[in-house]
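Working notes, structure below.
Chains as they are written, first to last, in the numbering used here: chain Y, 87 to 488; chain L, 87 to 488.
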C-alpha cells in the first residue's frame, strides 16, 4: 500500500525532527533519556542520531563520569558549528540582527537605535539587510544558513510576513517579509511574527514558562501586546491576528484614549504613557529609561511613583484576571517594560486575581517576569527561523546550500 | 521495526475513525468524495467502508440517479439502527435525557422541569438515571449503547466528571459523572462537559459554525457561559476550566454585583437578572419565559423593553469586542437566552465591535444566533458520548456488548 510507505517516511522525518528539537531546546541529553521521552526503542534512537550526526547537526560523546557502574549511555548534543539562522527584531526603539546556532546560542549580533518616529519600510529593511549580510559574510565558510526569522511590533499576515498594521511606525500593508528576504539575497524566505507572539513562544521554549502548555505572555512597550499559548500552540485565530489583549477594554466609561481610536483599552491604562502620566512626568518624556526611572524612584520610596505603579497595577490586574478566567493558564509571564513594572504592581494584580477569578480557574496559576528579558522577541524570531529545520532536518539540509 | 507495525495499526484505526466521523457529521457521502477528503485511494476507502459496514456502523447504497453517465460511486451513510449513545443535559431549568443514533439522530427523549433551587446530587442523578435506564430498556434488542455524555451548567473536572463548581445549584466538588455512571449501571463511564463548552462543539459540528476552526459561543441563561474553539479544538486550559467569559469584568467601577462575589462581570451586566431589572420587571420574576416576554415586548414597540435590550447589548458588545481582539474568530454564536436577546441588541453589539476591535482582527468575523437552539448543549453531550467510538470504531464495538 503506497499510504504505508509514505507514512513510514513521514514517521522517520517526524522522529528526526523531534529528536533534534529535544537537543536543540534541552541541550545535552542521553540516548536513554531520548528513547524514554520519544517512546522509541534504543536502536531507532541510535539510527536517528547517527543520521543527524552524519549531517553535522548533532554530536555524540561520552558523558562526564556518571558515578554509576556499567557502560554509560552516549550523550547527544546540538552541533553549534554547522548550521545557523538569522534572527531580526524590529522593536519600538531598536533594530537588532543576530546569528544564532542550533541550541539557541547567540553567535554574533548587530544593533541600532531606532528613532521613535519616521521609519519607513525601505529604511528599516536597509539597516536589517546590511546587518544580516554582515553576519552571513562573517560566518565560518563551512556553516550553512538554514532559515531566517523576524519579530515585528505589529500585526503580521502569517503566510508572507506582510505587516497589516504597525501602529508604532504607522505602517499599513507593508511587504516587510518579502522585502527583507529580497534584500538579504540568501534565497531564503523570511518568516515574520508579531513580537509578543514570538516572546510567548520564546518564554515557553527557553524561558520562564518552559514546559507549560497554557501560558499568557504580556509584552509592554509603548503599548501592550500579547502572546497566548493554548494547548502548546500559539493562539493565532482565523487570520493570525489573535492575542490582541492590549485592546481588551477594561475601563469603558472613563478610559484614557487609545492609539487604536477607542478608549479604556488595557494598553491605554497600563502602557508607557499611562505610567508616566500617573507619575507626573513631563509629556515629552518617553522610552524604557523613563519607565525604569519611575520604577527606581518607587523602589527608593517615592510615594508618587509607588502610587503610579499601584494605579497602573490595578488596571493590569483587571486585564490579567479576565485572561485567567478565559484561558485557565498554568503561567502568566510579564515581559518587555512590564517586566520592570510588575514587581511594584504585583500586590494590585494579585488582589484583582483573588477577587475576580473563579477559584477553580486560578488554583494552579503562577505569575512570573520574563526570564529572557529584552531578548525574548529576538529569541522567538530565531526559533521561527529554525522551524523548517526542526520539521524536516535532513530535507532542509539537502535543499539548503551556502 | 515494531514501531512501523504499531504505526500501521494506528493509521488504520485513525482512518476508520475519520471515515466514520465524516458520515456521522456530514451524512451520506460518496466513496469518491471520501477518498478526496481523506486523501486516500479508492481501494483503501473501500476496505474501510467494508469493515465499518460489516460492523453495522455504515451502510453502502447506490445513490439516487446522478444524471451522469457511467457507474456511480457508492454512497456511504451512517447506520442509525445499530449503535447509540445516551446524552444528558443538566440545565438551569430542566433535566433532559436522550437516546441518539449515529448521524446525530434523536431517537427518543425524556425531560423534566428542574426547580431553580434545591437540587442535590442524589435527586438530580436519580431522575437522570431513571430516564437513562428507560431509554436503554426500550432500545431495539440488537442495538448497542457505545457511550454516555452529559452536559452540566458548571465547571467540570475533565477526567472524571467531578462538578468543581456549580453556581446555580450550589454544588462544590460533587462526583456527578461517577455517580451517574454507577446509577445507570451500564458498565460505561460518563463523560461530562460544561454546557457552554458542549454548546460550542455542537454548533461547530452540527450548527451555525459548521466548518469554522475558530469560533466563540456565548451561552446565556441565569449567567453567561462560554465555549471557545481555537484551531478546531475546544480551549480547555490547564485544568479544563477555561472559557469563563461570563466573568470577564467589563464594568469594574460601577458594575452590578455578580454571583461569583465580584462586580461588573459580563454575566452580571447581560444575564437574565440584568435584562429583567433594566426592563423594570418585578424582582421575583425569572426564567426564559420572562426573558422572552421582554424580547416580545420590544418587538411590539415597547420602548422600555427596547431600551433594556440596548443597555444590555452595549455591555454584551464590549465583551464580544474584547473576545474578537483576543481570538480573531471566524464566527461568534449567541446561544441559550442570548439567542433570543441578540437580535434586539445587535446594533449595540456591532457598534462596539466597530469601535473597539482592530480592523484587521474583525475583517472576516460573522455574528450568528445558535442554529441548534435549546438543544445545543444536549447535542454536544451526545457528541461527547460518541467520541470514543469515533476514535476507534471497531475497538469500541469489540469492547461494548449490550
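Think of the CB as a built atom: it goes at the ideal place given N, C-alpha and C, for glycine as much as any other residue.
Values in this document were obtained by computation on a predicted structure and should not be read as measured data.
(message) Is the separation between the beta-carbon of residue 305(Y) and that of residue 281(Y) shorter than 8 Å?
(response) As a first step, residue 305(Y) must be located in the first chain, where it is residue number 219. As a first step, residue 281(Y) must be located in the first chain, where it is residue number 195. Yes; because the gap between Cβ atoms is below 8 Å, this pair is in contact.
(message) With a threshold of 6 Å on Cβ separation, who are the neighbours of residue 470(L) within its own chain once the five nearest residues in sequence on each side are excluded?
(response) For the purposes of this step, residue 470(L) is taken as residue 384 along the second chain, with counting starting at 1. Cβ neighbours of residue 470(L) beyond the five flanking positions: 235, 277, 279.
(message) Using DSSP's beta-bridge definition, name the partner residues of residue 455(Y).
(response) As a working mapping, residue 455(Y) is identified with position 369 in the first chain. Residue 455(Y) is bridged to 420(Y).
(message) Given this structure, state the Cα-to-Cα distance separating residue 187(L) from residue 226(L), to the nearest angstrom.
(response) Position 101 of the second chain, counted from the start, is the residue given in the question as residue 187(L). Position 140 of the second chain, counted from the start, is the residue given in the question as residue 226(L). Roughly 12 Å between the two C-alpha positions.
(request) Measure from the C-beta of residue 323(Y) to each C-beta in chain L and report whether the shortest distance is under 8 Å. (result) One-based indexing of the first chain puts residue 323(Y) at position 237. Interface residue, yes.
(request) Please classify residue 358(Y): is it buried, with 16 or more other beta-carbons within 10 angstroms of its beta-carbon, or exposed? (result) Position 272 of the first chain, counting from 1, holds the residue named residue 358(Y). Buried: at least 16 other Cβ atoms inside 10 Å.
(request) Could you spell out the range, first to last residue, of the alpha helix (DSSP H) harbouring residue 260(Y)? (result) By 1-based counting over the first chain, the position of residue 260(Y) is 174. Here residue 260(Y) belongs to no alpha helix (DSSP H); instead the beta strand (DSSP E) covers 257-260.
(message) Give me, in chain order, the residues of the same chain whose beta-carbon lies closer than 6 Å to that of residue 257(Y); leave out the 5 immediate sequence neighbours on both sides.
(response) Start at 1 with the first residue of the first chain, and residue 257(Y) comes out as number 171. If we look at residue 257(Y) and ignore the five residues flanking it on each side, its Cβ neighbours are 249.
(request) Check whether the Cβ atoms of residue 132(Y) and residue 101(Y) lie closer than 8 Å to each other. (result) Here residue 132(Y) corresponds to residue number 46 of the first chain, with the count starting at 1. Here residue 101(Y) corresponds to residue number 15 of the first chain, with the count starting at 1. Not closer than 8 Å, so no.
(message) Do residue 400(Y) and residue 438(Y) have their beta-carbon atoms positioned less than 8 Å apart in this structure?
(response) As a first step, residue 438(Y) must be located in the first chain, where it is residue number 352. As a first step, residue 400(Y) must be located in the first chain, where it is residue number 314. Contact: yes.
(message) Between residue 324(Y) and residue 292(L), how many whole angstroms is the CB-CB distance? I'm expecting something under 8 Å.
(response) Taking the first residue of the first chain as 1, we reach residue 324(Y) at position 238. Taking the first residue of the second chain as 1, we reach residue 292(L) at position 206. In fact, because the Cβ distance is near 20 Å, the residues do not count as touching under 8 Å.
(message) Please list the terminal residues of the continuous beta strand (DSSP E) segment that includes residue 124(L).
(response) Counted from its first residue, the second chain places residue 124(L) at position 38. Unbroken run through residue 124(L) is the alpha helix (DSSP H), 117-124; no beta strand (DSSP E).
(request) Count the other C-beta atoms from every protein chain shown that fall within 10 angstroms of the C-beta of residue 289(Y), then say buried if there are 16 or more, exposed otherwise. (result) Residue numbering aside, residue 289(Y) sits at position 203 when the first chain is read from its first letter. That one is buried.
(request) Please list the residues of the stretch 383-407 of chain Y that have a C-beta atom closer than 8 Å to any C-beta atom in chain L, keeping them in chain order. (result) 404, 407
(message) At the level of alpha carbons, what is the spacing between residue 108(L) and residue 371(L)?
(response) By 1-based counting over the second chain, the position of residue 108(L) is 22. By 1-based counting over the second chain, the position of residue 371(L) is 285. Rounded to the nearest angstrom, the two C-alpha atoms are 45 Å apart.
(request) Could you tell me whether the Cβ atoms of residue 365(L) and residue 394(L) are closer together than 8 Å? (result) For the purposes of this step, residue 365(L) is taken as the residue at position 279 of the second chain. For the purposes of this step, residue 394(L) is taken as the residue at position 308 of the second chain. Taking 8 Å as the Cβ cut-off, residue 365(L) and residue 394(L) qualify as a contacting pair.
(request) Give the C-beta separation of residue 175(Y) and residue 464(Y) to the nearest angstrom, bearing in mind that I take them to be a contact with Cβ-Cβ under 8 Å. (result) Within the first chain, residue 175(Y) is the residue found at index 89, counting from 1. Within the first chain, residue 464(Y) is the residue found at index 378, counting from 1. Confirmed, about 4 Å.
(message) Using the three-state DSSP reduction, which class does residue 442(L) fall into: helix, strand or coil?
(response) Mapped onto the second chain, residue 442(L) falls at position 356. Three-state result, residue 442(L): helix.
(request) Have a look at residue 418(Y) and residue 453(L) and give me their C-alpha separation to the nearest angstrom. (result) Here residue 418(Y) refers to the residue found at position 332 of the first chain. Here residue 453(L) refers to the residue found at position 367 of the second chain. Those two C-alpha atoms are separated by around 30 Å.
(request) Give the single residue among 228(L), 150(L), 284(L), 252(L) whose Cα lies nearest to the Cα of residue 173(L). (result) The residue you call residue 173(L) lines up with position 87 of the second chain. The candidate whose alpha carbon is nearest that of residue 173(L) is 284(L).
(message) If you reduce the DSSP assignment to three classes, tell me which class residue 348(L) lands in.
(response) For this step, residue 348(L) is matched to residue 262 along the second chain. It is coil, neither helix nor strand.
(message) Which of the three DSSP states is assigned to residue 93(L) in this structure?
(response) Translated into the one-based positions of the second chain, residue 93(L) becomes position 7. Of the three classes helix, strand and coil, the one that applies to residue 93(L) here is helix, per DSSP.
(request) With 8 Å as the threshold, decide whether the Cβ of residue 93(Y) is near any Cβ in chain L. (result) Numbered from its first residue, the first chain carries residue 93(Y) at position 7. True, the Cβ-Cβ gap to chain L drops below 8 Å.
(request) Give, in chain order, every residue of the stretch 431-449 of chain L whose Cβ lies closer than 8 Å to some Cβ of chain Y. (result) 441, 442, 443, 444, 445, 446, 447, 449
(request) With a 10 Å radius around its C-beta and 16 neighbouring C-beta atoms as the bar for buried, classify residue 343(L) as buried or exposed. (result) Position 257 of the second chain, counting from 1, holds the residue named residue 343(L). Its Cβ having fewer than 16 others within 10 Å, residue 343(L) is exposed.
(request) Using three-state DSSP, classify residue 176(Y) as helix, strand or coil. (result) Counting from one through the first chain, the residue named residue 176(Y) turns up at place 90. Strand.
(request) Answer yes if the stretch 266-276 of chain L comes into contact with the stretch 209-220 of chain L, meaning at least three C-beta pairs across the two stretches below 8 Å, and no otherwise. (result) yes
(request) Measure the alpha-carbon distance for residue 169(L) versus residue 350(L) and round it to whole angstroms. (result) Taking the first residue of the second chain as position 1, residue 169(L) is located at position 83. Taking the first residue of the second chain as position 1, residue 350(L) is located at position 264. Near 47 Å, if we compare the C-alpha coordinates of residue 350(L) and residue 169(L).
(request) Check each candidate in 386(L), 385(L), 387(L), 391(L) and name the one with the smallest Cα separation from residue 367(L). (result) Residue numbering aside, residue 367(L) sits at position 281 when the second chain is read from its first letter. Among 386(L), 385(L), 387(L), 391(L), the Cα nearest to that of residue 367(L) is on 391(L).
(request) With a floor of 4 residues, list each alpha helix (DSSP H) that falls wholly inside the stretch 284-359 of chain Y, ordered by position along the chain. (result) 352-356
(request) Give the secondary structure of residue 164(Y) by DSSP, where H, G and I count as helix, E and B as strand, and everything else as coil. (result) By one-based count along the first chain, residue 164(Y) stands at place 78. It is a strand residue.
(request) Return the first residue and the last residue of the beta strand (DSSP E) that residue 237(L) is part of. (result) Translated into positions along the second chain, residue 237(L) becomes position 151. 230-238 is the span of the beta strand (DSSP E), which, as asked, contains residue 237(L).
(message) Let me confirm a value: residue 206(L) is counted as buried when at least 16 other C-beta atoms fall within 10 Å, else exposed. Which label applies?
(response) Here the question's residue 206(L) lines up with position 120 in the second chain. With fewer than 16 Cβ atoms within 10 Å of its Cβ, residue 206(L) is classed as exposed.
(request) Can you give me, in chain order, the residues of the stretch 327-343 of chain L that have a beta carbon less than 9 Å from any beta carbon in chain Y? (result) 327, 328, 329, 330, 331, 332, 333, 334, 335, 336, 337, 338, 339, 340
(message) Quick test of your reading: residue 480(Y) and residue 137(Y), contact by CB under 8 Å. State the CB separation rounded to the nearest angstrom.
(response) Locating residue 480(Y) in the first chain gives position 394, where the first residue counts as 1. Locating residue 137(Y) in the first chain gives position 51, where the first residue counts as 1. That belief holds up - the Cβ atoms of residue 480(Y) and residue 137(Y) are roughly 7 Å apart, short of 8 Å.
(message) Just to confirm the assignment, what range does the beta strand (DSSP E) spanning residue 198(Y) have?
(response) The residue labelled residue 198(Y) in the question sits at position 112 within the first chain. Note, residue 198(Y): beta strand (DSSP E), 191-199.
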